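Q:
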Amino acid sequence: MRMFMKSKKLLKIKILIILILTFLSFKNTAVSSSFSEEQTVNITKNLRCLICQGQTIHESNSDFAESMKKYIKSELENGKTNDEVFSSLIEKYGQWIVYDPGISRNTLLLWALPLLLFLIGGVIIAKKIFRKI
Amino acid sequence: MIISQLGYYSLIFGLLTSIFIFFNSSIQLKKNNPIISDKITGLIGFQFFFVFISFISLIYSFIISDFSNETVYNNSHTTKPLFYKITGTWGNHEGSLLLWLLVLSGVLLGFIFKSRNEPTNYRLLTTLLHQIIVIGFFVFVLKTSNPFNEIFPVQQEGLGLNPILQDPALGIHPPILYLGYVGTSIIFSAALASMISNYLNKSWAKNIKFWILFSWIFLTGGILLGSVWAYYELGWGGFWFWDPVENVSLMPWLSLTALLHCIVTLEKRELFKKWTIVLCIITFTLSMVGTFLVRSGILNSVHTFANDPSRGIYILTFLLVLVLLSFVIFMIYENKNFTQESGIFTLSKETAILINNWFILYFLSVVLIGTIYPIFLDVILDEQISVGPPFYNKLILPFLIPFVLFMSIGPSMKWIKTNFKIKAKSFLVIIFTLILSFFTVYFVGEKNIFILLLFIGFFYLLLKSLDQLREKTKNFAQIFSHTGFSLLLISILLNSFSSKEIIKNIQVGESFTLKNEKIIFKKIAIEKEKNYESIVGFFEILDDKNRIINLQPEIRIYNEPETATSEASIKTTLFKDRFITINIIKDQNFFNVRYQHKPFMIWIWISTLIIMLGGMFAIFRKNKEVNI
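Protein chains in written order, with our numbering: chain A, 1 to 133; chain B, 1001 to 1628.
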């Protein structure tokens, strides 16, 4: 009976893990439209206005932001993809300009640490829940 | 001038009282007196009184525009309305630290009054430990941030207050936020004292819960005010940007929320003692980290008034001392307090609360790492990165789904063991959830399985929370805050997916359309106020049923200091906000007009108020014994 209970609990945990992994595997699949207007907004919403305080280029009305908007629009009209625009901007202004830190050598820990802590927490809790008297 | 002096000496007296209380309470602790002498209670009263006098003097100096005071000179101006002269008191580094000190000494006074029926040595120890924090802040204020510095020769006119801080919501935002933020200090002192005095039990939990709820409610309110302000003042229609300064207020909120659930378990079942103490320490540490990050000038934002490294170093050192102290106390008294908590946890409320804490602490770690990682990367590798909304969305959103599912079923579990019976009713809730979610996703037009799952989770939480209203023993505190939380998530999600926006450069007389609405730029007028001039744009919106809505966004040009701000004009209805801002384009007749539809905006504020209401229920329910 005990064994049975235990395997049942294990099964539940397995289901839980599978569920979590499934959720994790979802990605935001934003479909980029062909309109350069909307595409420009998508890009500028993800860029820091370098001369403002904590604003995106999309939100800002500063000269810098306005000229960036024009530049990005013209780049898109010249047939560049979102990724190409981003990488050219990063090359010019550094990673600081993009709000999405992306995964690179420098940011690996940034992404991994919280997930690692989540797993460690999970192990501690599992131990507590399934500890024998 | 004389008032400034009064404020300054009042602070010195306050510090002396602190030292006096510190020694007096340690002597009394040794004597093992059965009751706290009136002397100590009186001294704590005096301490608060001195800080209060000092605070009032500063407010007075602001009201009369006493420009011999450096703080007033730097942050005020004679043409400012009275309300902003007063709120200007805490709209700067020195004044806001004085407010810190005021709340810090105030919560101790409150604690001494509220804890009359608790063990004397515990109350004395709390006083003693709290004084360490109080003395630390007194020295900090007097040494690095004295609000009563004099300047000579006396200036005729002040430099003025940053115009974007001249706003009613932001005027009261700091006091409310600080009550929550600094309120956590008494939780910290009391938690350590309860360990030392061997009082870590059910009745401690029951009493300290008041202070946890107190901090939690005010912190929620403070964050709400900040968001409301960001929404209408910053002019782009957002209310949360994962800005470091927003994050540092969210972090103690998260750990307080975890603590709130833990303390109930301690109260009912005497479980999770060690973890509760750790959470108390974490919560206050996060408040201090927040103070450090904001005050040291490390962060680049509106909240950073000063850029003085000595202040940052002081807070950091002081923080390290406090953490070390709590660590040492924790280690010494660990064995005395914590017995092995035995028992296999099964399907029970305890397990549900553990899982709640697991997820909340994960969210906390995401926010913490996202906030401080860039600082470390900058210092160590000299590389600058931005950690913005995409990072938080990716790491938090997927985890929200299992979190809200546990949150939905948690409250219906029983302590120790739950016998789950699946009833037909449960299926009804699930069916309703699915119908609502599909309908919403269809309505929003985002055909994405991930968003569907989010809606299913949120609606399930909403329906399960409301479902509890049918039970015999209702726990309004929990029902309200969980319902509020689910409504908050639903409205944020709806808001972010169905917001619409159009930006046009137009002249007076021209018009444009968004969806089925026509936006007409009628005219422009110039108005003169006491401390600013404004250019007001008159707009008429013709909605799909041809009703007219008038909106009047402004561009304000403040005189002192000379700054232009853009004031949004917002028309709120139950289902959507209409939000319009204008900006001048240099050397042209055109205006840059930004018109937005922000759906369910009002529900974001209402649901946060419902969450706070839940907290208030918990405070006033005290005497009735109800299961959480």
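Just so it is clear, CB atoms sit at the ideal spot from N, CA and C, and this is done for glycine as well. Nothing here was measured: the structure is a model prediction, and the numbers come from that model.
What are the boundary residues of the alpha helix (DSSP H) that leucine 1128 of chain B is part of?
A: Unbroken alpha helix (DSSP H) run through leucine 1128 of chain B: 1120–1144.
Q: What residues are listed by DSSP as bridge partners for glutamate 1150 of chain B?
A: Answer is B:Asn1069.
Q: Give the straight-line distance between the Cα atoms of lysine 1522 of chain B and serine 1569 of chain B, rounded to the nearest whole angstrom.
A: Taking the straight line joining both Cα atoms gives about 15 Å.
Q: If we define contact as Cβ-Cβ less than 9 Å, is glycine 1410 of chain B a contact residue for chain A?
A: Closer than 9 Å: no.
Q: Could you pull the DSSP bridge partners for phenylalanine 1591 of chain B from this structure?
A: In the DSSP output, where bridge partners are listed per residue, phenylalanine 1591 of chain B has B:Ile1506, B:Ile1584.
Q: Considering only C-alpha positions, which residue in the set B:Lys1114, B:Phe1330, B:Leu1099 is nearest to asparagine 1198 of chain B?
A: Cα-wise, what sits closest to asparagine 1198 of chain B is B:Phe1330.
Q: Does the segment 103–119 of chain A come into contact with the segment 1088–1099 of chain B, if we say contact requires no fewer than three beta-carbon pairs (one atom in each stretch) closer than 8 Å?
A: Result no; under three Cβ-Cβ pairs closer than 8 Å.
Q: Of the residues that make up the segment 110–133 of chain A, which ones have a beta carbon closer than 8 Å to any beta carbon in chain B?
A: Listed by position along the chain: Leu110, Trp111, Leu113, Pro114, Leu115, Leu117, Phe118, Gly121, Gly122, Ile125, Lys128, Ile129, Phe130, Arg131, Lys132, Ile133.
Q: What are the start and end residues of the beta strand (DSSP E) that includes asparagine 1393 of chain B?
A: That residue, asparagine 1393 of chain B, is in no beta strand (DSSP E); its alpha helix (DSSP H) goes 1389–1409.
Q: Thinking C-alpha only, which one of B:Ser1025, B:Ser1607, B:Met1601 is nearest glycine 1221 of chain B?
A: Checking every option, the nearest Cα to that of glycine 1221 of chain B belongs to B:Ser1607.
Q: How many Å lie between isoleucine 1431 of chain B and isoleucine 1396 of chain B at the Cα?
A: Answer to the nearest angstrom: the Cα atoms are 26 Å apart.
Q: By a C-beta neighbour count over all protein chains shown, 10 Å radius and 16 as the cutoff for buried, is lysine 1425 of chain B buried or exposed?
A: Lysine 1425 of chain B should be labelled exposed.
Q: Tell me the residue span of the alpha helix (DSSP H) that contains tyrosine 1633 of chain B.
A: Outside the modelled stretch of chain B, which goes from 1001 to 1628, sits residue 1633 of chain B, for which no answer is possible.
Q: Starting from arginine 1556 of chain B and walking both ways along the beta strand (DSSP E), at which residues does that stretch end?
A: Here the beta strand (DSSP E) through arginine 1556 of chain B covers 1554–1558.
Q: Straight-line CA distance for lysine 1421 of chain B to threonine 1120 of chain B?
A: Spanning the two alpha carbons is a distance of roughly 48 Å.
Q: Taking only runs that begin and end inside the segment 72–133 of chain A, name each unbroken alpha helix (DSSP H) of 4 or more residues, in chain order.
A: The qualifying runs are 82–93, 108–129.
Q: Rounded to the nearest angstrom, how far is the Cβ of glutamine 1131 of chain B from that of isoleucine 1064 of chain B, given a contact under 8 Å?
A: Not a contact, Cβ separation roughly 34 Å.
Q: Please report the distance separating the alpha-carbon of leucine 1109 of chain B from that of valine 1379 of chain B.
A: Roughly 41 Å separates the two Cα atoms.
Q: Give every residue of the same chain whose Cβ lies closer than 6 Å to the Cβ of alanine 65 of chain A, excluding the five residues on either side of it in the sequence, and list them in chain order.
A: Taken in chain order, the residues that qualify are Cys49, Ile57.
Q: Tell me which residues share the same chain as isoleucine 1281 of chain B and place their Cβ nearer than 6 Å to its Cβ, disregarding the 5 neighbours each side in the sequence.
A: Excluding sequence neighbours, isoleucine 1281 of chain B sits near Ser1326.
Q: Measuring CA to CA, which of B:Tyr1060, B:Ile1059, B:Asp1167 is closest to threonine 1565 of chain B?
A: Nearest of B:Tyr1060, B:Ile1059, B:Asp1167 to threonine 1565 of chain B, Cα basis: B:Asp1167.
Q: Going by DSSP, which residues form a beta bridge with valine 1536 of chain B?
A: Partner(s): B:Ala1525, B:Glu1554.
Q: Excluding the five sequence neighbours on either side, which residues of its own chain have a C-beta within less than 7 Å of the C-beta of glycine 1095 of chain B, listed in chain order?
A: Taken in chain order, the residues that qualify are Leu1058, Thr1071, Thr1089, Pro1147.
Q: In three-state terms, what does DSSP make of leucine 1101 of chain B?
A: Reduced to three states, the DSSP call for leucine 1101 of chain B is helix.
Q: Quick one: is glutamate 59 of chain A buried, meaning 16 or more other Cβ sit within 10 Å of its Cβ, or exposed?
A: Classification of glutamate 59 of chain A: buried, given that the 10 Å Cβ count is 16 or more.
Q: Taking only beta carbons into account, state which residues of the segment 87–111 of chain A come closer than 8 Å to chain B, listed in chain order.
A: Listed by position along the chain: Gly94, Gln95, Trp96, Ile97, Val98, Tyr99, Asp100, Pro101, Asn106, Thr107, Leu109, Leu110, Trp111.
Q: Isoleucine 1186 of chain B: which of B:Gly1226, B:Leu1101, B:Asn1149, B:Glu1150 sits nearest, CA to CA?
A: It is B:Leu1101 whose Cα lies nearest to the Cα of isoleucine 1186 of chain B.
Q: Taking only three categories from DSSP, how would you classify proline 1252 of chain B?
A: The answer is helix: DSSP assigns proline 1252 of chain B an H, G or I state.
Q: With isoleucine 1570 of chain B as the anchor, note down where its beta strand (DSSP E) starts and where it stops.
A: Start and end: 1569–1572.
Q: Secondary structure at glutamate 1501 of chain B, three-state DSSP: helix, strand or coil?
A: Reduced to three states, the DSSP call for glutamate 1501 of chain B is strand.
Q: When you compare only the Cα positions, how much space is there between phenylalanine 1055 of chain B and glycine 1014 of chain B?
A: Distance between the alpha carbons of phenylalanine 1055 of chain B and glycine 1014 of chain B is about 12 Å.
Q: Roughly how many angstroms separate the alpha carbons of alanine 1258 of chain B and valine 1264 of chain B, rounded to a whole number?
A: Whole-angstrom Cα-Cα distance: 10 Å.
Q: Compare the C-beta of glycine 1388 of chain B with all C-beta atoms of chain A and state if any pair is closer than 9 Å.
A: Closer than 9 Å: yes.
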